[in-house]
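Position one of the sequence shown corresponds to residue 150 (the working numbering), numbered consecutively onward.
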Amino acid sequence: MPSCHRTMELIDTHCHLTFDDLAQDIDGVLARSRAAGVTEWITVGTDQQENRKAIEFAERFANMYAAVGIHPHDAKTVTTQMLAELKKIAQHKKVVAIGETGLDYHYDLSPRQQQKDVFAEHLKIAGELGLPVIIHCREAFDDTMQILNEHRSTVEKVVFHCFSGSAEQAKIVLDKSFYISFTGVVTFKNARIKQEAARIVPLDRLMLETDSPYMSPEPMRRQKINEPALMIHTARFLAELKQMDLEDFAQAVATTSKAFFGLK
Numbered sequence: 150m151p152s153c154h155r156t157m158e159l160i161d162t163h164c165h166l167t168f169d170d171l172a173q174d175i176d177g178v179l180a181r182s183r184a185a186g187v188t189e190w191i192t193v194g195t196d197q198q199e200n201r202k203a204i205e206f207a208e209r210f211a212n213m214y215a216a217v218g219i220h221p222h223d224a225k226t227v228t229t230q231m232l233a234e235l236k237k238i239a240q241h242k243k244v245v246a247i248g249e250t251g252l253d254y255h256y257d258l259s260p261r262q263q264q265k266d267v268f269a270e271h272l273k274i275a276g277e278l279g280l281p282v283i284i285h286c287r288e289a290f291d292d293t294m295q296i297l298n299e300h301r302s303t304v305e306k307v308v309f310h311c312f313s314g315s316a317e318q319a320k321i322v323l324d325k326s327f328y329i330s331f332t333g334v335v336t337f338k339n340a341r342i343k344q345e346a347a348r349i350v351p352l353d354r355l356m357l358e359t360d361s362p363y364m365s366p367e368p369m370r371r372q373k374i375n376e377p378a379l380m381i382h383t384a385r386f387l388a389e390l391k392q393m394d395l396e397d398f399a400q401a402v403a404t405t406s407k408a409f410f411g412l413k
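Take a look at the structure:
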């Protein structure tokens with residue numbers, strides 16, 4: 150392992166460590182992650198079961214935190230009881246965000262109005278608890294921004310996870326003082342639009358994530374199961390894109406991430 154990795158303490162701000170591909174080898178996953186310089190993790194829930202598992206993992210492992218939410222794909226299944234449970238478990242000391250939540254018009258697995266309603270309920274919970282929000286936005290940028298604007302007075306911290314928009318959309322997000330997080334997709338050869346967006350995001354608004362077990366970055370795309378250790382490749386790519394030393398870049402985005410999520 151190159152020596153430059155030893156001094157880095159990157160944070161994978163969005164991973165799904167409770168998903169079977171990673172959970173069945175969690176000790177190995179975390180050991181490889183630490184060796185690569187990715188030393189803290191936010192494991193993100195997508196439904197009731199995964200939310201509970203995320204909190205269990207956060208309790209079990211040092212430097213691991215949880216985010217809890219119900220994915221827009223599952224909006225059609227959400228009940229008032231589920232939202233009440235979400236609010237209750239979100240008060241756990243290791244929960245640092247609400248999400249992922251938002252809108253997905255690519256798959257449309259739930260009716261769009263139900264997606265909007267559930268998204269708004271997540272924002273209400275985040276506002277009441279004073280927690281940041283992790284946004285899933287796929288082919289739904291205008292509606293996502295409209296709903297966020299309606300809750301702007303109560304929800305301060307918002308991050309667009311796995312950002313897939315253009316530089317123009319990034320400017321709109323940044324003008325609202327929101328944050329933008331990039332996955333390994335930004336390293337792909339056909340990701341020029343995302344790379345142009347990444348160029349304009351300042352370091353105090355930029356975070357990194359794997360969204361593992363999905364979307365391994367270049368040059369590891371053949372590794373079917375993505376894991377936090379591979380985030381070093383995304384960090385290296387973006388450091389070069391911004392013409393920065395890797396360690397300086399890593400320290401800056403880690404500082405941003407800790408401030409956003411309120412990590413010690």
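Each residue gets a CB set at the ideal place from its N, CA and C atoms; glycine is no exception.
When secondary structure is reduced to three states using DSSP, ASP253 falls in the strand class.
VAL402 is bridged by DSSP to nothing; it lacks a bridge partner. Judged by DSSP secondary structure, ASP169 falls outside any beta strand (DSSP E) and instead within the alpha helix (DSSP H) spanning 169-172. For secondary structure counted as the alpha helix (DSSP H) over 4 or more consecutive residues, the region 169-236 holds these complete runs in sequence order: 169-172, 175-184, 197-209. Excluding the 5 residues flanking it on each side, THR167 has same chain C-beta neighbours closer than 7 Å at THR192, GLU199, LYS202, ALA203, PHE206, in chain order. One thing to note: HIS163 has its Cβ within 9 Å of the Cβ of GLU358.
Only exposed fits TYR256, as fewer than 16 other CB atoms lie within 10 angstroms of its CB.
Note on geometry: alpha-carbon atoms of LYS320 and ILE349 lie some 8 Å from one another. Approximately 10 Å separates the beta-carbon atoms of THR383 and ASP360; this is outside 8 Å, ruling out the contact.
Burial state of PRO362 is buried, judged by a 10 Å Cβ sphere holding 16 or more other Cβ atoms. In the displayed model, LEU352 falls within a helix according to three-state DSSP.
The region 245-263 makes contact with the region 283-296, as at least three CB pairs between them are under 8 Å. VAL334 has its alpha-carbon roughly 22 Å from the corresponding atom of THR404. Within the same chain, Cβ atoms closer than 6 Å to the Cβ of SER406 are found at ILE160, THR162, MET356, the five residues on either side in sequence being excluded.
The beta carbon of LYS236 is closer than 8 Å to those of ILE274, GLU277, LEU278 in its chain, skipping five residues each way along the sequence.
DSSP, read as helix, strand or coil, puts GLY276 in helix. Within the same chain, and ignoring the five residues on either side of HIS222 in sequence, the residues whose Cβ sits closer than 7 Å to its Cβ are ASP253, TYR256, LEU258, SER259.
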